[in-house]
Amino acid sequence: MLRFLDGVLQAHRLPPTPVRAASPLGRRKVEPRLCLSQPRGLPPLVSVKKFTPRFLLSRPLLWSLGLSLVSLLTSCSYDDIPIGSTSLNSRYTEEQPALSGNGRFLAFVSNRNGNHQLLLYDLEQQQFVRISGLNRPETIAENPSLSYTGRYLTYITTDQGRPVIDLYDRATQQSQTLTPIYRGWVRNPSISPDGRYVVFETTIHGQWDIEVLDRGPNIELDIPNGAPP
Amino acid sequence: MKSSIFLPIFVITGLLSGCAGYPRILSYPFDPGGQSLNSLGSELNPQISGRYIVFTSDRRGSQDVYMFDMVTSSLVDLPGLNSLDTIASHPAVSENGRYIVFVANRQGRSAIFFYDRETRQSRNLTSNLQAEVRNPTISADGSRVAFESSVNGQWDILVYNRSGQPLNVPQDPR
Chain A
1 MLRFLDGVLQ AHRLPPTPVR AASPLGRRKV EPRLCLSQPR GLPPLVSVKK FTPRFLLSRP
61 LLWSLGLSLV SLLTSCSYDD IPIGSTSLNS RYTEEQPALS GNGRFLAFVS NRNGNHQLLL
121 YDLEQQQFVR ISGLNRPETI AENPSLSYTG RYLTYITTDQ GRPVIDLYDR ATQQSQTLTP
181 IYRGWVRNPS ISPDGRYVVF ETTIHGQWDI EVLDRGPNIE LDIPNGAPP
Chain B
1001 MKSSIFLPIF VITGLLSGCA GYPRILSYPF DPGGQSLNSL GSELNPQISG RYIVFTSDRR
1061 GSQDVYMFDM VTSSLVDLPG LNSLDTIASH PAVSENGRYI VFVANRQGRS AIFFYDRETR
1121 QSRNLTSNLQ AEVRNPTISA DGSRVAFESS VNGQWDILVY NRSGQPLNVP QDPR
């Protein structure tokens, strides 16, 4: 809501732009008059007058339209944190809990606020943690799993209807797909506490089997403070 | 003009090095005899913590919990965890491989069991919870257990500590 209000305010703040836009117009108005004063003046001057009001309005109108569209689009993105509630459970379904390695964070799937969303709860502060950019409007996220301090979050989502395993990094606030070219149905991913390995169920051998994915030695490991790497 | 040559070069080298790199799928030997990670039976609900992967498999004719050690590439014995009259599902293990939580379905009732590999004992964490339970998870340090319960007529999440005491988490007034 706040974002939307901001967008409206921006749209209202726009009118100063016509002033700026008017100044080049003034010059343009002057130029034709100067050249028109030498031959016969009147008919072209009228045509200039017809031309100017259209120009004067169209520029700021286009700007305000564009900006208000942008603000509308940004305001339509999901708000991750349930407003006004610090309660872990609601009157709707909460399922698929996943604890971080240190036991502080709890990721789960909830149906509150009228949509299926993945939420992250801080058990120490007893409030929700913002995970912006994870819940997207055109798909759902399922089966969360957390690393030791809750930095990495793996979950199942769909990419054009195909199930894929995504990894969300809370440090960069971005998701990446771990199985972009994997040919097979995947399910139930689980990330190791240090964040290097991800195990998941796969159908690639004709039945449910377990696959282990190695993210490599060059990733930033999620290890507790003071622990040897 | 010359700098435009470098862009495709960088792209190509990046692509080439990316092909040999990570993330990649590790291959563990497939064993029809059932001594490895995958077998002729189905393997379900894997969960990784440290060097251990716990999962359920029906490779011996009943659905049981297994634990695989990634370092030694072999199964770890879990004496006293699986029993004949019980379906065990959704296991989760702590990072040191000592504690395993799982759902056991016995005599029509489901319960969250907490298994200690050192004492070889399973303890029922939800014996005084008159409700269906499912999907348990344990933190890597073994301090907390979370699971779903139907005690309020819908699936809600409960968080317990290791000894089975509910954590004080704010709940909506009902």
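Here the protein sequences line up with chains A and B, keeping their order.
Residue numbers 1 to 229, in our numbering, belong to the letters of the first sequence in order.
Residue numbers 1001 to 1174, in our numbering, belong to the letters of the second sequence in order.
In this text, a Cβ means the ideal position worked out from N, Cα and C, and glycines have one as well.
The structure presented is a predicted model; accordingly, all values stated were derived computationally and were not measured.
Min CB distance residue i to chain B below 8 angstroms
i        : result
Phe200/A : yes
Thr157/A : no
Asn102/A : yes
Gln207/A : yes
Pro137/A : no
Arg215/A : yes
Asn225/A : no
Tyr152/A : no
Glu220/A : no
Glu142/A : no
Ile131/A : no
Ser68/A  : no
Ser190/A : yes
Val212/A : yes
Cβ shell of residue i (< 6 angstroms), same chain only, five flanking positions each side left out
i         : result
Asn225/A  : none
Gly1164/B : Leu1125
Thr93/A   : Asn111
Ile1087/B : Gln1063 and Asn1105
Straight-line Cα distance separating residue j from residue i
i         : j         : result
Leu134/A  : Val1103/B : 30 angstroms
Ser1062/B : Leu1084/B : 8 angstroms
Asp1077/B : Gln160/A  : 42 angstroms
Ala22/A   : Arg59/A   : Note that Ala22/A scores 44 on pLDDT, short of 50, meaning its location in the model is unreliable and no value can be drawn from it.
Lys29/A   : Ser68/A   : Below a pLDDT of 50, predicted positions are generally treated as unreliable, and Lys29/A, at 47, falls in that range; no measurement from the model is reported.
Thr139/A  : Tyr168/A  : 15 angstroms
Gln176/A  : Asn1128/B : 42 angstroms
Ser37/A   : Leu62/A   : Note that Ser37/A scores 46 on pLDDT, short of 50, meaning its location in the model is unreliable; the coordinates nonetheless yield the value given after this. Rounded to the nearest angstrom, the two C-alpha atoms are 34 angstroms apart.
Arg151/A  : Ala107/A  : 12 angstroms
Ala1092/B : Phe1055/B : 8 angstroms
Asn1082/B : Glu1043/B : 16 angstroms
Gly103/A  : Ala1140/B : 7 angstroms
His116/A  : Ala141/A  : 8 angstroms
Ile210/A  : Phe1068/B : 11 angstroms
Asn1161/B : Ile156/A  : 28 angstroms
Arg1051/B : Leu213/A  : 13 angstroms
Pro16/A   : Asp122/A  : Unreliable placement is indicated for Pro16/A, whose pLDDT of 46 sits below 50; the coordinate value is still reported in the next sentence. Cα-Cα distance, rounded: 45 angstroms.
Thr86/A   : Gln96/A   : 19 angstroms
Val1071/B : Arg91/A   : 44 angstroms
Ser1149/B : Thr154/A  : 23 angstroms
Gln125/A  : Gly1108/B : 38 angstroms
Cβ shell of residue i (< 8 angstroms), same chain only, five flanking positions each side left out
i         : result
Arg1098/B : Asp1116, Arg1117, Glu1118 and Gly1142
Val1159/B : Arg1144, Val1145, Ala1146, Pro1166, Leu1167 and Val1169
Gly1034/B : Leu1040, Gly1041, Ser1057, Arg1059 and Arg1060
Pro1032/B : Ser1039 and Leu1040
Cβ-Cβ distance between residue i and residue j below 8 angstroms
i         : j         : result
Ile1100/B : Val1145/B : no
Pro144/A  : Ala98/A   : yes
Gly1021/B : Gly66/A   : no
Ser192/A  : Ile1138/B : no
His1090/B : Asn1124/B : no
Leu221/A  : Arg196/A  : yes
Leu118/A  : Phe128/A  : no
Glu1095/B : Ser1110/B : no
Asn113/A  : Asn1045/B : no
Gln1171/B : Leu88/A   : yes
Beta carbon proximity, residue i to chain A, threshold 8 angstroms
i         : result
Ile1157/B : yes
Phe1147/B : yes
Gln1165/B : no
Gln1171/B : yes
Arg1144/B : yes
Ile1112/B : no
Ile1100/B : no
Gln1154/B : yes
Glu1118/B : no
Nonlocal neighbours in the same chain, by C-beta distance under 7 angstroms from residue i, ignoring five residues either side
i         : result
Arg1120/B : Pro1079 and Gly1080
Phe1030/B : Ser1036 and Asn1038
Thr179/A  : Val164, Ile165 and Val186
Residue i Cβ short of 7 angstroms to the ligand COA heavy atom set
i         : result
Glu1095/B : Ligands in the displayed structure: none, and consequently the ligand COA is not present.
Minimum Cβ-Cβ distance from residue i to chain E less than 8 angstroms
i        : result
Leu178/A : The displayed structure is made up of protein chains A and B, and chain E is not among them.
Residues within the region 1016-1049 of chain B neighbouring chain A, beta-carbon criterion of under 9 angstroms: Correct list: Gly1021, Tyr1022, Pro1023, Arg1024, Ile1025, Leu1026, Ser1027, Tyr1028, Phe1030, Leu1037, Asn1038, Ser1039, Leu1040, Gly1041, Ser1042, Glu1043, Leu1044, Asn1045, Pro1046, Gln1047, Ile1048 and Ser1049.
Where the region 1125-1140 of chain B meets chain A: residues whose CB sits under 9 angstroms from a CB there: Arg1134, Asn1135, Pro1136, Thr1137, Ile1138, Ser1139 and Ala1140
Positions along the region 104-129 of chain A whose CB lies within less than 7 angstroms of some CB in chain B: Leu106, Phe108, Leu123 and Gln126
Residues in the region 1062-1088 of chain B having any Cβ partner in chain A nearer than 9 angstroms: Phe1068 and Met1070
Residues within the region 86-99 of chain A neighbouring chain B, beta-carbon criterion of under 9 angstroms: Thr86, Ser87, Leu88, Asn89, Ser90, Arg91, Tyr92, Thr93, Glu94, Glu95, Gln96, Pro97, Ala98 and Leu99: these are the residues of the region 86-99 of chain A whose beta carbon lies less than 9 angstroms from some beta carbon of chain B, given in chain order.
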